[in-house]
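Chemist: Got a structure here, written out as structure tokens. Questions coming.
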Amino acid sequence: MPQETKSFWDSMYDSGRDYRFIKNQTLRQIIETADIDGNNVLDIGCGTGQLTRELYHLGFSVTGIDISPEAIKAAKSASKYIDYREMDFESDPTGKLGTGKFDLITCKLVFAFVKNPEEFIEQVKKLLRNNGAFVIITPTLEQVEEEKQAIAVNHEKTHGLLESTFASVSYFTSDNLTVYITHPKTK
4 MPQETKSFWD SMYDSGRDYR FIKNQTLRQI IETADIDGNN VLDIGCGTGQ LTRELYHLGF
64 SVTGIDISPE AIKAAKSASK YIDYREMDFE SDPTGKLGTG KFDLITCKLV FAFVKNPEEF
124 IEQVKKLLRN NGAFVIITPT LEQVEEEKQA IAVNHEKTHG LLESTFASVS YFTSDNLTVY
184 ITHPKTK
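Numbers in our numbering are just positions in the sequence shown, counted from 1, shifted up by 3.
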């Protein structure tokens, strides 16, 4: 990821900004629909760690990664029980994470900023266990005002990409976000 992108996110987090929380009801629906067997979770683009902490409190073993050192610093100060790492997933997707290790991989409010979605998904699949689930939480173009469309994805394009890559794809909407839940193999 270019240095200017990293600097942008650092400035956002350094200013104390945080991003949208997910309601407990939505998180429970994600976990239920994901229907995973294990408890190892990776949150790509974890920011200040809001989602990682929620998952930790539900009993998951969580790793959170983010390109922004400021975000990781804030996340680490909020919880010492979660493995937070400063990491650029697009430049070094597996890093020191290993392959086939995670039962659930989440990506909240990040997918709209991914430069190469096809490659991103292929790298996610390498990290995901065969019976795992990949979850994208994002606004779609239909859910945001015109001036905020840069932070949203095209639903048809995203859904089509996921359907062409995963064995199963489901989605639901909650609080003007679309939650895509995918599985590499059918259960």
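We put the CB at the ideal spot given by N, CA and C, even for glycine.
1) Under 8 Å, do isoleucine 124 and threonine 168 count as touching if we go by C-beta distance?
2) So, are the CB atoms of phenylalanine 92 and isoleucine 68 less than 8 Å apart?
3) Which residues bound the beta strand (DSSP E) around isoleucine 139?
4) Grab me the residues of histidine 186's own chain with a C-beta within less than 7 Å of its C-beta, minus the 5 sequence neighbours each way, in chain order.
5) I need the straight-line Cα distance from glutamate 166 to histidine 158, nearest angstrom please.
6) Suppose the cutoff is 6 Å on Cβ atoms and the five residues either side in sequence are ignored; what does the same chain contact list for aspartate 178 look like?
7) Name the two residues that bound the continuous beta strand (DSSP E) containing serine 64.
8) Could you round the C-beta distance between leucine 130 and leucine 45 to whole angstroms and report it? I think they count as a contact, below 8 Å.
Modeler: Taking the definition as stated:
1) Here residue 124 refers to the residue found at position 121 of the sequence shown. Here residue 168 refers to the residue found at position 165 of the sequence shown. Yes, Cβ-Cβ distance for isoleucine 124 and threonine 168 is below 8 Å.
2) As a first step, residue 92 must be located in the sequence shown, where it is residue number 89. As a first step, residue 68 must be located in the sequence shown, where it is residue number 65. In contact: phenylalanine 92 and isoleucine 68 (Cβ atoms closer than 8 Å).
3) By 1-based counting over the sequence shown, the position of residue 139 is 136. Looking at the DSSP string, the run of the beta strand (DSSP E) that includes isoleucine 139 is 131 to 141.
4) Residue numbering aside, residue 186 sits at position 183 when the sequence shown is read from its first letter. Correct list, in chain order: Ala136, Phe169, Ala170 and Ser171.
5) The residue given as residue 166 occupies position 163 in the sequence shown. The residue given as residue 158 occupies position 155 in the sequence shown. Spanning the two alpha carbons is a distance of roughly 12 Å.
6) Looking up residue 178 in the sequence shown gives position 175. Taken in chain order, the list of residues that qualify is empty.
7) Stepping through the sequence shown from its first residue, residue 64 is reached at position 61. 64 to 69 is the extent of the beta strand (DSSP E) around serine 64.
8) Counting from 1 along the sequence shown, the entry for residue 130 is found at position 127. Counting from 1 along the sequence shown, the entry for residue 45 is found at position 42. Contact holds; Cβ gap of about 6 Å.
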